[in-house]
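Asks: Quick note on numbering: the sequence shown equals residues 1 to 186 in my numbering.
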Amino acid sequence: MYRFGDCTSPSTDLSCATPAKHIDIVVPDQSGTLALVTGANSGIGFGVSQRLVAAGAEVILAVRNMDKGNKAAQDIRVEHPAASVVVEQLDLASLASIAAFADRMLTSGRPIHLLINNAGLMALPTLYAATNPLAAGAEYYGPGGFGELTGLPKAARIPRKALDENTARRLWQVSEELTGVHFPVD
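#1: Taking the alpha-carbon positions, what's the Ala-57 to Ile-158 distance?
#2: Leaving out five residues on either side along the sequence, give the residues of the same chain with a beta carbon under 8 Å from the beta carbon of Pro-111.
#3: In three-state terms, what does DSSP make of Thr-38?
#4: Tell me whether Ile-60 is buried or exposed, calling it buried when 16 or more other Cβ atoms sit within 10 Å of its Cβ.
#5: So what does DSSP say about Gly-180, is it helix, strand or coil?
#6: Let me know the secondary structure DSSP gives Ile-112 once reduced to three states.
#7: Check the C-beta distance from Val-48 over to Gly-69 and give it rounded, since I have them as a contact under 8 Å.
#8: Just to confirm the assignment, what range does the beta strand (DSSP E) spanning Leu-61 have?
#9: For the candidate residues Leu-92, Glu-177, Gly-43, whose alpha-carbon lies nearest to that of Pro-143?
#10: Around the Cβ of Thr-38, are there at least 16 other Cβ atoms within 10 angstroms (buried) or fewer (exposed)?
#11: What are the start and end residues of the beta strand (DSSP E) that includes Val-48?
#12: Flag this pair as yes or no: are the beta carbons of Ala-62 and Phe-46 separated by less than 7 Å?
#13: Would you check if the distance between the CB atom of Ala-55 and the CB atom of Val-27 is smaller than 7 Å?
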C-alpha cells in the first residue's frame, strides 16, 4: 500500500484528519517513458514516483533539497532495486533555478514523456490575500508572472469552468475519494 504522507504534525497535516485510504490504481506499463515529477521527495510526489518506477518508467525527481531528494531516491531503490531514478535540483521559487534546470533538460536531448507538476508554492499568494488590506474578499490570488506560474501575487483569472457548480462538486468528491479526507459540507 502506498500512503501519501506521514502524520507528523496533527495541527497542520491533513493526512492526520482521517486514516490513509488505500486506492488501488493500475498504472500501465511505462517502460521507455521518461517521467518528471516535481516535489518528488515527499507526499503525493513521492507516492507517484514510486508507482511510476514500479511500472517501469525512468523517473526524474525534481526537488528543491538535494539531500531529501537523494534520500527519496534511495528509499525507492530499496523497494525497486532496478529502478532508474535521477535526482535533479529545481527550486520553483527561483527563476534562476528554473532556467538552469531547463538548460540541463534541453542539453540531455531527451524528451520528457510525462510531467507531473506536483510541487507548489502557495504561501506567498495566501499570505498576500490574508494580510493585504487591498485584497478583496472572495478573490483568488495566485502568481502574477509568466503564465501565472511564478511571480508576485495578483488577483488571478478564474476560468469559467472553475465556477461551474457541477464541476466543483465532482472535483470535491474525487478529492475526498482519492485522499480519504472528508470535510463536512453544511
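All C-beta atoms, glycine included, are put in the ideal place defined by N, C-alpha and C.
Replies: Quick answer:
#1: Rounded to the nearest angstrom, the two C-alpha atoms are 34 Å apart.
#2: If we look at Pro-111 and ignore the five residues flanking it on each side, its Cβ neighbours are Leu-34.
#3: Of the three classes helix, strand and coil, the one that applies to Thr-38 here is strand, per DSSP.
#4: A residue is called buried once 16 or more other Cβ atoms fall within 10 Å of its Cβ, and Ile-60 is buried on that count.
#5: Here Gly-180 sits in coil by DSSP.
#6: If DSSP states are grouped into helix, strand and coil, Ile-112 belongs with coil.
#7: Actually they do not touch by this definition, with Cβ atoms about 14 Å apart.
#8: First-last of the beta strand (DSSP E) with Leu-61: 58–63.
#9: Nearest of Leu-92, Glu-177, Gly-43 to Pro-143, Cα basis: Leu-92.
#10: Buried: at least 16 other Cβ atoms inside 10 Å.
#11: Taken as a continuous stretch (DSSP letters only), Val-48 belongs to no beta strand (DSSP E), being part of the alpha helix (DSSP H) at 43–54.
#12: Judged by their CB atoms, Ala-62 and Phe-46 are not nearer to each other than the 7 Å cut-off.
#13: Against a cut-off of 7 Å, the Cβ pair of Val-27 and Ala-55 comes out as a contact.
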